[in-house]
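Chains as they are written, first to last, in our numbering: chain A, 1 to 410; chain B, 1001 to 1410. Here a beta-carbon is modelled for each residue, glycine too, at the ideal position from N, C-alpha and C. Take a look at the structure set out below.
Number of protein chains: 2
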Amino acid sequence: MASMEQSRPAQRGNNLDDVRRNNLAIVLGLAHVRGRVSRAEVTKMTGLNRSTVGGLVAELVDLGLVDEQEPDAANHAGRPSAIIVPRADIVAIAVNPEVDAVTIGLVSLSGQVLKRIRYDTARVPTPEEVVNIVGAVVAGMRGELDSSFRTVGVGVAVPGLVRESGGEVVVAPHLDWHNVPFSAMLSDALDLPVVSSNDASAAISAESTFGAGRGARQHIYLNGGASGIGGGIVINNELFPGVSGFAGEFGHSLVNSEGSLCHCGAYGCLETEVRQSALLAVLGLDAADSEQLENVLLAQFARPEGAEPQVAELVNKQLTFLAEALRGTVNIFNPELVILGGFLGLLYAAAPEVLESGVRDRALMGPRGDVRFARAELGLDLLMIGAAQLAFAPVLADPASITKSLLKSS
Amino acid sequence: MASMEQSRPAQRGNNLDDVRRNNLAIVLGLAHVRGRVSRAEVTKMTGLNRSTVGGLVAELVDLGLVDEQEPDAANHAGRPSAIIVPRADIVAIAVNPEVDAVTIGLVSLSGQVLKRIRYDTARVPTPEEVVNIVGAVVAGMRGELDSSFRTVGVGVAVPGLVRESGGEVVVAPHLDWHNVPFSAMLSDALDLPVVSSNDASAAISAESTFGAGRGARQHIYLNGGASGIGGGIVINNELFPGVSGFAGEFGHSLVNSEGSLCHCGAYGCLETEVRQSALLAVLGLDAADSEQLENVLLAQFARPEGAEPQVAELVNKQLTFLAEALRGTVNIFNPELVILGGFLGLLYAAAPEVLESGVRDRALMGPRGDVRFARAELGLDLLMIGAAQLAFAPVLADPASITKSLLKSS
DNA sequence: GCAATATGTTCTTACTCAGAACTTATTTAT
DNA sequence: ATAAATAAGTTCTGAGTAAGAACATATTGC
């Protein structure tokens, strides 16, 4: 029997529907990412004929996804071009369950967080409790939602591992959730489509689209938190998943062969040598004070006499280890941009030149030439925007689909 | 003045020509990569209607790029489906200038090396000498080329840095070439289109498409040679270039904080700790004997009593350093496959379990789960196929373009 | 031999974008 | 002020695409 391989979906062929869908998605995506864009700009950027762009915009207006506004004051000859903006009444509900609270937000298609409600819980919430809390909050907003908004769906940023298709939470260690079909549970309760994903992935997607990554097609992101260092790789504006969705674990790069044992089983990982707890300790803060870390640390470095010696020394040491990890990564990826979030962003903000020269002096000529560094920009809104992006994604990929999915609520 | 950003070509809109071009490219690409594919398989894999596939295949046949063959013996009910094969008379000329020779090959669209000529040079050849040598060899084949083949162009694998557009050799250190417009020079001499690129990139592209990477959409490749360790990252069957084309420098990952100074300025790089020269030395070979390395080393490990202690120890040490570099890379990329070429492939072949367990024991649970290792498969043909791929690439991307480009020679 | 199955072939249809021609709105030159 | 130049919106036509229906063909299995 001839070995007839099981046909993987290889590359799919294009048909005319794909063309229209793709072009609609491109125009809506430009409006979504940039907030406002003129038809003339769309024409230039896409290379499409202006009659085609006219038709695409008209369809998006018909679908209720964008508005056309008066042109900006023109500063050149020629008829001014109308401005396309995403409609502010297209919204997604963002949900982020944590160990001590559930945060729920209302986010518009333009990326604005219209509402954010933090519901503190006495103990670590179960999936059912989260569903009930979200259900109650959404019920409270329902009147407003139905009268003033069109809700495309719900996005959930879960601190754990989520199966890509189906939205099952495989494991969320801090919540102690295991194999929870959370998307289905919440969708049943709210009668809205629900998309769940890992919180770090959602954060990267938000920071990439609306934060420091704006405009860079390709970058890497490292985030430092209380529990360690994670990250992600963005290529062509998409988070690179790896073969099974685990790509981006920058925390376990070797930075010190003489270093201490990491919980991963290796010695001298970045995550082991560069820790938020060490930073808190040297500043006399404890774990509960992590929100003050930024002010306290940056205040020290802003003083005329500089930081206290042992603080400066620790920051310097940690930045040197971070630079060691980054030089390897820069050599491998040749990235355009490295974004640093959490306490890694703080370290960078405290002494940017230490990191930059640390990487530049040791990376290879070619790759180091074009790399830029930036601190993550999105603060409290990060996870709300990231979760909302999950819910907007299907609409952004296929704008015409909104007609069907919103039939019941329109 | 409103900040009207310079319009990057962002995402291009799809028009109807794009659809046809893309679909033709998909069908030709399937035939090219798989060697033979039935129309029914194409229909399944692309999702296109079978009448559409019929039209696409007919156009490729008209263009002279593929033939349709008798169906294979069917083993199921239904009309047998014709087999599409790339035409063997569509060829590219492959060129690889080195310090002591110029190798020229004739490669068919199906990936077969029809001819390989190694022209030894008394000294390091200048660009002009390479053009003359290639010109003479091609002149010798010209009668055959014109009568029996259609030549799509020339691909050159250069041991140096090549500017992506224009084919200028920025610098080729071992050849001592600097800012040489080599593609233009060779194209003028041969009256054929010429595409030049870095030899390592070409090798990766070949190994990825026709070698150990066949079927893996995503993998990383590390190659060990006399002068060091290079590599590449393949994502969605394309070599990931990074922002300026330097991505893939795996040779300068930290593997030993106590290691020696690398020429890159850092200490303890993979390239410094794992060297072909050390392997040659312990086996009593000198640099000129590098071709014997494979036989001598593998023979030792094939002996019933195993390798000599100091050889086994060195191999073990080098594999441990390689595993250290790979565990970090596996954590970051979560790759499906790691391909090892050159002497790194040899080390792996000598003691595969040392590398595999070395990586698996120290990488994180998630990423290490799905990773496979493989030794590069393509031997002498590697650079010939890689260089030819450069010349085929434009035709594979836009099959209909062959009509125009081959007018003069048809 | 006949039914079932799978594929190739032909023709029609719906839909898409490009482009030409015209209209509208602004700046710049006279 | 007025006209010319410039740039973009609008409308309509046309070329080209893939899908799908209907039919033709070639194989397996009963």
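Taking the C-beta atoms as reference points, residue 1042 (chain B) is found nearer than 9 Å to residue 1053 (chain B). For residue 257 (chain A), the closest Cβ of chain B is nearer than 9 Å. Taking all protein chains in view, the Cβ of residue 1219 (chain B) is crowded by 16 or more other Cβ atoms within 10 Å, so the residue is classified as buried. In this structure, the straight-line span from the alpha carbon of residue 1374 (chain B) to that of residue 1289 (chain B) is close to 25 Å. Chain A has no Cβ within less than 9 Å of the Cβ of residue 1060 (chain B).
Bridge pairing for residue 1096 (chain B): B:1103 [DSSP]. In this structure, the beta-carbon distance from residue 287 (chain A) to residue 280 (chain A) falls below 9 Å.
No Cβ-Cβ contact shorter than 9 Å links residue 55 (chain A) with residue 205 (chain A). Residues of chain A whose Cβ lies closer than 8 Å to the Cβ of residue 1019 (chain B) are, in chain order, 14, 15, 16, 18 and 19. Going by DSSP, residue 1032 (chain B) is part of the alpha helix (DSSP H) stretching over 1016-1034. For residue 1210 (chain B), the nearest beta carbon of chain A is not closer than 9 Å to its own beta carbon. At a cut-off of 9 Å between beta-carbon atoms, residue 1126 (chain B) makes no contact with chain A. The DSSP assignment places complete beta strand (DSSP E) segments of no fewer than 3 residues inside the region 327-407 of chain A at 337-341 and 372-375, in order along the chain. Nearest in C-alpha terms to residue 211 (chain A), of all of A:111, A:322, A:59 and A:31, is A:111. In the DSSP assignment, residue 132 (chain A) falls within the alpha helix (DSSP H) that extends over 127-148. Looking at the DSSP output, residue 233 (chain A) shares a beta bridge with A:220. For the pair residue 1121 (chain B) and residue 1133 (chain B), the Cα-to-Cα distance works out to about 10 Å.
Per DSSP, residue 69 (chain A) is not a residue of any alpha helix (DSSP H); the beta strand (DSSP E) it occupies stretches across 66-69. Counting along the chain, no beta strand (DSSP E) covers residue 277 (chain A); the unbroken alpha helix (DSSP H) around it starts and ends at 276-282. Looking from the CA of residue 1394 (chain B), the closest CA among B:1016, B:1021 and B:1015 belongs to B:1021. Sorting A:209, A:214, A:199 and A:257 by C-alpha distance to the C-alpha of residue 231 (chain A) places A:199 at the top.
In the DSSP assignment, residue 296 (chain A) falls within the alpha helix (DSSP H) that extends over 293-302. Ranking A:75, A:99, A:233 and A:107 by CA distance to the CA of residue 175 (chain A) puts A:99 first. Take residue 137 (chain A), set aside five residues on each side of it, and the residues of its chain with a beta-carbon closer than 8 Å to its own are 104, 117 and 119, in chain order. In the structure shown, residue 46 (chain A) falls within a helical segment according to DSSP collapsed to helix, strand and coil.
Within the region 134-156 of chain A, not one residue has a Cβ closer than 8 Å to any Cβ of chain B.
When the beta-carbon positions are compared, residue 156 (chain A) and residue 109 (chain A) stay at least 9 Å from each other. Taking 9 Å as the threshold, the shortest C-beta distance from residue 199 (chain A) to chain B does not fall below it. The count of Cβ pairs closer than 8 Å, one atom from the region 1360-1368 of chain B and one from the region 238-248 of chain A, reaches three, so the stretches are in contact. Cβ contact annotation for residue 1328 (chain B) (same chain, cutoff 7 Å, sequence separation greater than five): 1253, in chain order.
In the three-state reduction of the DSSP assignment, residue 238 (chain A) falls in the strand class, which pools E and B. The C-alpha of residue 165 (chain A) lies about 9 Å from the C-alpha of residue 195 (chain A).
The C-beta of residue 1252 (chain B) comes closer than 9 Å to at least one C-beta of chain A. When C-alpha distances from residue 180 (chain A) are compared across A:187, A:170, A:345 and A:188, the shortest belongs to A:170. Residue contact check for residue 355 (chain A) against chain B: no CB pair falls below 9 Å.
The Cβ-Cβ distance between residue 351 (chain A) and residue 301 (chain A) falls below 9 Å.
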